[in-house]
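Position in the sequence shown counted from 1, then plus 88, gives you our numbering. Ideal Cβ placement from N, Cα and C applies to all residues, glycine included. Okay, structure first, notes after.
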Amino acid sequence: MNDINMTDVSTHEHRARGPRLYHKKSRTGCIRCKQRRVKCDEIRPNCSSCSRHAVDCVYPNVSHGTVARPDTALSVYSANHQTSASPGISVINGLSPSSDESKSHSPHGRSFYPSPNPSHPAPADDTDPDIDLPEGSWRRFWELRLLHNFQTNMVQPWPVSQTPEIVRMWEYDIPNMALRMAQQQNRCSLLYITFANSALNMWTKSTDKQERAELMRLQQTYQAMCAKEQRRDIDELTQRISDNADYICFCSLKILVHSLALVQTLNVDPWEPPSQWLYLGRGAGDVLNMAQQLIDPESNPKIRLFIRSPPDMRDPNEMIFCDHSSLDWLLEHPAGPGSISAQEDHELDDAETLSVYNKALSYTCHIHSALDRGEPEYAIVRRFGGFSVWVPVEFTRFVEQRRPRALVVLAHFMALWLNYQHVWMIGRAGELQIRGIHKILPIEWSYKLDDLFAKFKQPAVSRG
Numbered sequence: 089m090n091d092i093n094m095t096d097v098s099t100h101e102h103r104a105r106g107p108r109l110y111h112k113k114s115r116t117g118c119i120r121c122k123q124r125r126v127k128c129d130e131i132r133p134n135c136s137s138c139s140r141h142a143v144d145c146v147y148p149n150v151s152h153g154t155v156a157r158p159d160t161a162l163s164v165y166s167a168n169h170q171t172s173a174s175p176g177i178s179v180i181n182g183l184s185p186s187s188d189e190s191k192s193h194s195p196h197g198r199s200f201y202p203s204p205n206p207s208h209p210a211p212a213d214d215t216d217p218d219i220d221l222p223e224g225s226w227r228r229f230w231e232l233r234l235l236h237n238f239q240t241n242m243v244q245p246w247p248v249s250q251t252p253e254i255v256r257m258w259e260y261d262i263p264n265m266a267l268r269m270a271q272q273q274n275r276c277s278l279l280y281i282t283f284a285n286s287a288l289n290m291w292t293k294s295t296d297k298q299e300r301a302e303l304m305r306l307q308q309t310y311q312a313m314c315a316k317e318q319r320r321d322i323d324e325l326t327q328r329i330s331d332n333a334d335y336i337c338f339c340s341l342k343i344l345v346h347s348l349a350l351v352q353t354l355n356v357d358p359w360e361p362p363s364q365w366l367y368l369g370r371g372a373g374d375v376l377n378m379a380q381q382l383i384d385p386e387s388n389p390k391i392r393l394f395i396r397s398p399p400d401m402r403d404p405n406e407m408i409f410c411d412h413s414s415l416d417w418l419l420e421h422p423a424g425p426g427s428i429s430a431q432e433d434h435e436l437d438d439a440e441t442l443s444v445y446n447k448a449l450s451y452t453c454h455i456h457s458a459l460d461r462g463e464p465e466y467a468i469v470r471r472f473g474g475f476s477v478w479v480p481v482e483f484t485r486f487v488e489q490r491r492p493r494a495l496v497v498l499a500h501f502m503a504l505w506l507n508y509q510h511v512w513m514i515g516r517a518g519e520l521q522i523r524g525i526h527k528i529l530p531i532e533w534s535y536k537l538d539d540l541f542a543k544f545k546q547p548a549v550s551r552g
């Protein structure tokens, strides 16, 4: 009997564990990667792991034996790219708490917001299981505020109302879907992105510095929580599980809207490209296409109602294969076709590269046509968001590579946003992007933006 007990104890103490992923040790990696015993890629100021988990990246100061905290906040991009941090897509450093109690129970304590727990081993996929906000009265207060703001100020923000069916969908059907799925199936991605979207909306209107910092951290945290939930939902789609396809479509759509609204928070100096929005748009388009194929047509899905509502954006011939001759001059080399510089410039010799640029120009021209037709604001802003869905992802990579042609084309597209600054999800994004692009554009290309500056209604500003 004793031998059996000892065997049971031994088995309990040495239970089988899953295989560990061993890495070559990084002696100069960040503190959090060392605590979690994962390989740190040592990208500064924020390593990829900390950026992915939306937490502060802290490096040890080797020369002094102390910890060096970066001055900037963390990027939380989910796309496969790195970029510098900005207020709109990052964790803002915590404000100084007024008491010890506030450090653990108020939003002003850094430990209040989610971060990886070093006591838990990292999962095999290196995703963080601890991205969450602690339960309590503070969270309930904010979530009630965010829901109230959404229902009061965000359901119908347009001066010209959309169709009654669409208004009802956004005002009743989608909020009910978010609450029902959270309650019945513990699926919270749509609810979380609604909270994030509402927090960002309140951030654009708040004038209180402390509240703005709080709202920015809330939107970032809820966005990260949504992304974690959405990954699970998309995994089910890839397994042909279609029960929640309509729900996943609307969640992807709201994620795209949120990333569009975040463009106005990006830095001008140094300039940050709107990469998150551009990448997420392509991803959202893929998810929407996949989910629509799985939806039972007899179930009367709401996403079909949205897609078929004005404006009709289903015809590629109208959007990326239309006439773009009015903007072809943007691709011409500034030195002229007969110059040595132009002859040495072979970027457009590649047919695929030229096709990418032509589709970006076509999409921009198709919005000009929509403006000429006098389409209402909600239709034009929806077309803005469609740029990231329809224009090839290679264009985003060209922008990240700072190719002059890509920057010029992007600036002229962003110029379309200038007359929509009063729309909360647009703000001054157009102006700020144009100013940022102008700062990094090679001098010989900068004249192609000259006519855009005449459209600005406000003096230059610094967005650090």
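With fewer than 16 other Cβ atoms from the protein chains shown falling within 10 Å of its own Cβ, A430 counts as exposed.
Taken through DSSP and simplified to helix, strand or coil, P252 comes out as helix.
For Q381, the closest C-alpha among the options L232, A287 and A333 is that of A333. Membership of N241 in any alpha helix (DSSP H) is not indicated, and neither H nor E is assigned to it by DSSP. In terms of Cβ geometry, A448 and V479 form a close pair [threshold 7 Å].
DSSP, read as helix, strand or coil, puts P148 in strand. Here A284 is near H346, since their CB atoms are less than 7 Å apart. Within its own chain, the residues whose Cβ lies closer than 8 Å to the Cβ of V375, once the five positions on either side in sequence are excluded, are I322, L325, I336, C337 and S340, listed in chain order. L540 places its beta carbon 7 Å or farther from that of I528. For V356, there is no enclosing alpha helix (DSSP H), as DSSP marks it with neither H nor E. At least 7 Å separates the beta-carbon of P399 from that of A301. Going by beta carbons, A287 and L306 fall inside the 7 Å limit. For A458, same chain residues with a beta-carbon under 8 Å away, outside a window of 5 residues either side, are P399, A467, I468 and R471 in chain order. In the assembly as shown, D144 is a buried residue. Its beta-carbon has 16 or more other beta-carbons within 10 Å. Counting other Cβ atoms within 10 Å of its Cβ, L442 stays below 16 and is therefore classed as exposed. For C128, there is no enclosing alpha helix (DSSP H), as DSSP marks it with neither H nor E. Under the three-state reduction of DSSP, K543 is assigned to coil, being neither helix nor strand. M378 sits away from G474, with the two beta carbons spaced by 7 Å or more. The beta-carbon distance between L279 and W291, rounded to whole angstroms, is 19 Å. This is too long to meet the 8 Å contact definition.
In the structure shown, I408 falls within a coil segment according to DSSP collapsed to helix, strand and coil. Per the coordinates, the alpha-carbon of R275 lies some 21 Å from the alpha-carbon of R233.
E223 is classed as exposed because its beta carbon has fewer than 16 other beta carbons within 10 Å across all chains shown.
Every unbroken stretch of the alpha helix (DSSP H) spanning 4 or more residues and falling wholly within the region 401-454 is given here in chain order: 404-407 and 428-432.
Classified as exposed, Y260 has fewer than 16 neighbouring CB atoms from the shown chains inside 10 Å of its CB. Under the DSSP assignment, A503 falls outside any alpha helix (DSSP H); it carries neither an H nor an E label. Looking from the CA of V248, the closest CA among G462, R125 and P358 belongs to G462. In the DSSP assignment, K527 falls within the unbroken alpha helix (DSSP H) covering A517 to I528. Under the DSSP assignment, P263 falls in the alpha helix (DSSP H) whose first and last residues are I262 to Q273. With respect to Y367, M407 sits apart: the two C-beta atoms are not nearer than 7 Å. By the CB criterion at 7 Å, L504 and V487 fall outside the cutoff. Under the criterion of beta carbons closer than 8 Å, I281 and Q239 do not qualify as touching, at roughly 15 Å. Between the C-alpha atoms of W230 and K536 there is a straight-line separation of about 46 Å.
In the DSSP assignment, R140 falls within the unbroken alpha helix (DSSP H) covering S136 to H141.
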